[in-house]
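K.L.:
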Amino acid sequence: MSYLDTTKNVYKEAALTPDVGLCCTTKPIWELPGLKIPKIMQEMNYGCGSTVHARDLTNNPKTLYVGVGGGMELLQFAYFNRQKSGVIGVDVVDEMLEASRKNFIEAEAENPWFKSEFVDLKKGDAMNLPVEDNSIDVAAQNCLFNIFKADDLKQAIAEMYRVLKPYGRLVMSDPTCEQPMNETLRNDERLRALCLSGSLPIAEYVKALTDAGFGTIEIRARKPYRILDPKHYPTNELIYIESIEVAAIKDPMPNDGPCIFTGKAAIYYGKSDYFDDKKGHVLLKNQPLAVCDKTAAALASLNRDDIFISPSTYHYDGGGCC
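All you need for the working numbering is the position in the sequence shown, starting with 1, plus 1348.
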């Protein structure tokens, strides 16, 4: 049996019998006016963070969510696009699709504004999405890409890139791990199905996205997630896993490489009211400016004694140099 078959079986079981402990996030991330999330959706929230960000979801964006879980994030996305088929949910597991359909009936009862027709559920594979080219404004996945091995991950990211409109956004939440997995962990199919043994270092995760053509990467959050310990997992040492929330934007790749935001800021504190690097970056005196890593490096290379570059916070919420 392949690791993909194991994954299908794990999530078939989780659809038929909700498993609250399957992932760590069991409460709704967003508390929005008039939005009530049924208890069953919370119990079936098999993600490690959130892909729902209000600033991505203006003007009724056509949204794609791959790996539907119990439908919680689909309901949240529908909050921002209350049109028939405004949100598309894709999953390869029949039982998970059916569970989501049932959960939407409960969501209708608790949310007068919501109609199940707002969400179009489709059976499909992340590596062969049943969606037209350049048709999606916001694509999202939560705790899915870390299931895939290298070639399959590359194909899944390429599929997301294909279906997005120019300047569309791919929003993701996945576990990451700086410590290398041992061979036993890497080859454990059930741990991979739980998107644990496939965890990548952040640099490799970002590179997979920029290799696909995404010109801007925003790291929006980096949070503690899980510990793999020798008492419960086939490892000789503690392995710390984080949850990372990332947005990849389908904008043109700059000639000098992608803009990657890891939460750095530049602060000018010199004698003038501002500093202009003549390359499109104006720093007002003592006003922090969010900068991508590329701009941060360029400013640091000036070796000025009146510009401070902060370390990466791995939290970025928009604005800045690009």
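Idealized CB from N, CA, C, for every residue including glycine.
Grab the span of the alpha helix (DSSP H) containing S1448 for me, first residue to last.
P.N.:
Residues D1442 to E1458.
K.L.:
Terminal residues of the continuous alpha helix (DSSP H) containing I1505?
P.N.:
Looking at the DSSP string, the run of the alpha helix (DSSP H) that includes I1505 is A1498 to V1511.
K.L.:
Determine, using beta carbons only, whether M1392 and A1447 come nearer to each other than 8 Å.
P.N.:
The answer is yes: Cβ separation under 8 Å.
K.L.:
Write down every uninterrupted run of the alpha helix (DSSP H) in the stretch 1396–1433 whose length is 4 residues or greater and which is fully enclosed by it, in chain order.
P.N.:
Listed in chain order, they are 1420–1428.
K.L.:
L1687 to K1463, Cα distance in whole Å?
P.N.:
The structure shown does not extend to residue 1687, since the chain spans only 1349 to 1670, so no value can be given for it.
K.L.:
Any idea which residues DSSP pairs M1520 with across the strands?
P.N.:
Answer is Q1489 and V1594, bridged to M1520.
K.L.:
Taking the alpha carbon of L1650 as the reference point, which residue from F1623, T1524 and G1563 has its own alpha carbon closest?
P.N.:
Taking only the C-alpha atoms, the option nearest L1650 is F1623.
K.L.:
Pull up the distance between the alpha-carbon of A1648 and that of Q1424, whole angstroms please.
P.N.:
Cα-Cα distance, rounded: 41 Å.
K.L.:
Between K1502 and the rest of its own chain, which residues show a CB-CB distance below 8 Å, the 5 nearest in sequence each way excluded?
P.N.:
For K1502, where only same-chain residues beyond five positions count, the Cβ hits under 8 Å are A1556, D1559 and A1560.
K.L.:
What are the start and end residues of the alpha helix (DSSP H) that includes D1318?
P.N.:
Missing from the structure shown is residue 1318; the chain here goes from 1349 to 1670 and no further.
K.L.:
Does DSSP classify R1538 as helix, strand or coil?
P.N.:
R1538: helix per DSSP, three-state reduction.
K.L.:
P1600 and G1628: beta carbons closer than 8 Å?
P.N.:
No. Outside cutoff.
K.L.:
Can you check DSSP and say which residues form a bridge with G1437?
P.N.:
Paired residue(s): Y1413 and L1469.
K.L.:
Excluding the five sequence neighbours on either side, which residues of its own chain have a C-beta within less than 6 Å of the C-beta of L1370, listed in chain order?
P.N.:
Excluding residues within five positions, the ones whose Cβ falls inside 6 Å are A1362 and Y1394.
K.L.:
Below 8 Å between beta carbons: does that hold for T1524 and L1548?
P.N.:
A contact, by the Cβ cut-off of 8 Å.
K.L.:
Identify, in the order they occur along the chain, each residue of the same chain with its Cβ nearer than 7 Å to the Cβ of F1496, setting aside the five sequence neighbours on each side.
P.N.:
The residues are A1504 and G1546.
K.L.:
Compute the minimum distance between the beta carbon of F1462 and the heavy atoms of the ligand FMN, and state whether it is under 7 Å.
P.N.:
Among the components of this structure there are no ligands whatsoever, and the ligand FMN is therefore not found.
K.L.:
So for A1474, helix, strand or coil by DSSP?
P.N.:
In this structure, A1474 counts as coil in the three-state DSSP scheme.
K.L.:
Measuring straight from C-alpha to C-alpha, what distance separates L1512 and I1592?
P.N.:
About 21 Å.
K.L.:
Within the same chain, show all residues whose beta-carbon is closer than 8 Å to that of H1663, passing over the 5 residues directly before and after it, in chain order.
P.N.:
Closer than 8 Å at Cβ, skipping near neighbours: I1567, R1568, A1569, R1570 and G1611.
K.L.:
T1690 by DSSP, collapsed to three states: which one?
P.N.:
This structure does not reach residue 1690, given that the chain is present from 1349 up to 1670, and the question cannot be answered.
K.L.:
Relative to the alpha-carbon of K1642, which residue among Y1617, S1658 and G1605 has its alpha-carbon at the smallest distance?
P.N.:
Looking at the Cα atoms, G1605 is the closest of the given residues.
K.L.:
Between L1364 and the rest of its own chain, which residues show a CB-CB distance below 6 Å, the 5 nearest in sequence each way excluded?
P.N.:
Once the five neighbours on either side are set aside, the close Cβ partners of L1364 are E1443.
K.L.:
Tell me which same chain residues have a C-beta within less than 7 Å of the C-beta of Y1427, skipping the five on either side of it?
P.N.:
Same-chain partners within the cutoff: L1380 and L1383.
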